[in-house]
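Residue numbers for the sequence shown follow numbering that gives the first Met the number 0, so the first one is 0 and each next one is one higher.
Built from N, CA and C at the ideal position, the CB exists for glycine as well.
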Amino acid sequence: MSDIKIITDSASDLPIEIIRQYDIDVLPLSVIEGDTEYKDGATITPEEVFEKMRKGISLKTSQVTTNDYYQKFEEYILKGKDCIYIGFSSNLSGCYQSSILARDQLSEKYGADKLNLHIYDTKCASLGFGLVVLEAAKKAKQGKTTQEVLEIIDYYSNNIEHIFTVFDLDYLHKGGRLKKSTAVLGNLLNIFPILHVVDGNLQLLETVRGRKKHMKRVMELVDERGKDLDNQTVGIVHGDNIELAEELKSVFQERYNTKDFIIRPVGAVIGAHTGPEMFSLFFLKK
0 MSDIKIITDS
10 ASDLPIEIIR
20 QYDIDVLPLS
30 VIEGDTEYKD
40 GATITPEEVF
50 EKMRKGISLK
60 TSQVTTNDYY
70 QKFEEYILKG
80 KDCIYIGFSS
90 NLSGCYQSSI
100 LARDQLSEKY
110 GADKLNLHIY
120 DTKCASLGFG
130 LVVLEAAKKA
140 KQGKTTQEVL
150 EIIDYYSNNI
160 EHIFTVFDLD
170 YLHKGGRLKK
180 STAVLGNLLN
190 IFPILHVVDG
200 NLQLLETVRG
210 RKKHMKRVME
220 LVDERGKDLD
230 NQTVGIVHGD
240 NIELAEELKS
250 VFQERYNTKD
260 FIIRPVGAVI
270 GAHTGPEMFS
280 LFFLKK
């Protein structure tokens with residue numbers, strides 16, 4: 000058994016099979032409906048989130064608490080583990096800051112020199128940072144040193160490309176990320192955004208009118224930005240449309256001879272902001 004413990008949060012959108020295979024500890028973010036709090040991946044599923052959203056139910060989300068981080072880190076510190084927490088982009092969530100506060104409290108209790116605790120802000124999102132976690136967990140299971148694991152985290156964090164789109168802009172408006180007038184006009188004119196992640200921030204790359212032209216442009220971006228797509232794991236995240244995800248997989252297989260994929264519905268927390276009409280692609284960039 001590895002002396003390194005990989006810890007992450009549920010916004011990594013990793014499949015449960017991978018979490019179990021590599022013994023990754025996942026702290027859940029929360030989806031909040033009124034006075035009821037649900038734990039992402041534990042007490043609410045993406046499908047349940049989308050059902051609520053389609054009914055017009057207002058949902059909020061919240062980060063992992065400092066206390067949750069404190070308890071989890073302390074658990075493994077007391078077991079003598081080297082803990083590596085790999086976090087959601089600090090520019091998109093407060094999780095990273097909460098984890099830093101927990102580390103500071105543990106430093107006061109045990110002394111900073113006694114903590115084998117490393118906290119990494121990936122500046123990535125969804126399965127983009129899930130792929131970072133996966134590669135780190137693979138190295139840990141292979142018996143690599145903490146430094147070697149940290150180096151692979153650094154490499155993947157700086158080289159994972161995110162291409163993200165939402166087909167129904169109403170959900171971005173309801174989540175406070177788009178003006179109502181922009182959402183209405185975009186839906187009316189069949190205009191779809193293509194977004195990417197820059198320094199941990201989700202930014203608009205361009206807009207394309209028409210779904211067919213949009214999909215063509217997405218694959219052009221993969222052509223322009225992708226590296227060794229036949230020899231890496233490509234992540235495909237969808238809202239509520241496995242058929243679209245499988246279609247994208249087929250395009251990668253035919254176009255790039257890609258063999259290894261992780262295909263996942265978006266997690267409940269991120270899905271509460273995007274809605275069901277979305278997809279994201281994640282791969283190593285040039």
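Kindly indicate the opening and closing residues of the beta strand (DSSP E) around residue i.
i	result
residue 45	No beta strand (DSSP E) contains residue 45, which is instead part of the alpha helix (DSSP H) from 45-53.
residue 94	Run containing residue 94: none in the beta strand (DSSP E); it sits in the alpha helix (DSSP H), 94-109.
residue 255	Note, residue 255: premise wrong, no beta strand (DSSP E); alpha helix (DSSP H) at 241-255.
residue 36	35-38
residue 283	277-283
residue 234	232-237
residue 260	259-264
residue 120	116-120
For the alpha helix (DSSP H) containing residue i, list its first residue and its last residue.
i	result
residue 145	145-158
residue 126	126-140
residue 65	65-76
residue 268	267-273
residue 17	15-20
Count the other CB atoms within 10 Å of the CB of residue i; is the residue buried (16 or more) or exposed (fewer)?
i	result
residue 255	buried
residue 69	buried
residue 111	exposed
residue 233	buried
residue 155	buried
residue 71	buried
residue 197	exposed
residue 12	buried
residue 273	buried
residue 235	buried
residue 35	exposed
residue 98	buried
residue 102	buried
residue 23	buried
residue 18	buried
residue 105	buried
residue 76	buried
Please list, in chain order, all residues of the same chain as residue i whose beta carbon is under 7 Å from its beta carbon, the five residues on each side excluded.
i	result
residue 14	261, 263
residue 100	65
residue 158	283, 284
On the DSSP bridge assignment, give the partners of residue i in chain order.
i	result
residue 208	190
residue 27	Beta-bridge pairing links residue 27 to no other residue.
residue 202	195
residue 221	Answer is none; residue 221 lacks a bridge partner.
Tell me which residues share the same chain as residue i and place their Cβ nearer than 8 Å to its Cβ, disregarding the 5 neighbours each side in the sequence.
i	result
residue 58	30, 31, 32, 48, 51, 52, 271
residue 27	8, 9, 38, 39, 40, 41, 63
residue 2	79, 80, 81
residue 166	191, 210, 276, 277
residue 240	275, 276, 278
residue 21	5, 133, 136, 137, 139, 140
residue 145	3, 81, 83, 115, 117
residue 268	9, 10, 28, 29, 30, 39, 60
residue 202	194, 195, 196
residue 243	237, 278
Please return the same chain residues whose Cβ sits closer than 6 Å to the Cβ of residue i, not counting the five positions on each side in sequence.
i	result
residue 119	85, 152
residue 160	224, 282, 284
residue 199	88, 90, 122
residue 216	207
residue 163	194, 279
Does the Cβ of residue i lie closer than 7 Å to at least one heavy atom of the ligand SAM?
i	result
residue 22	Looking at this structure, you won't find the ligand SAM or any other ligand, since it has none at all.
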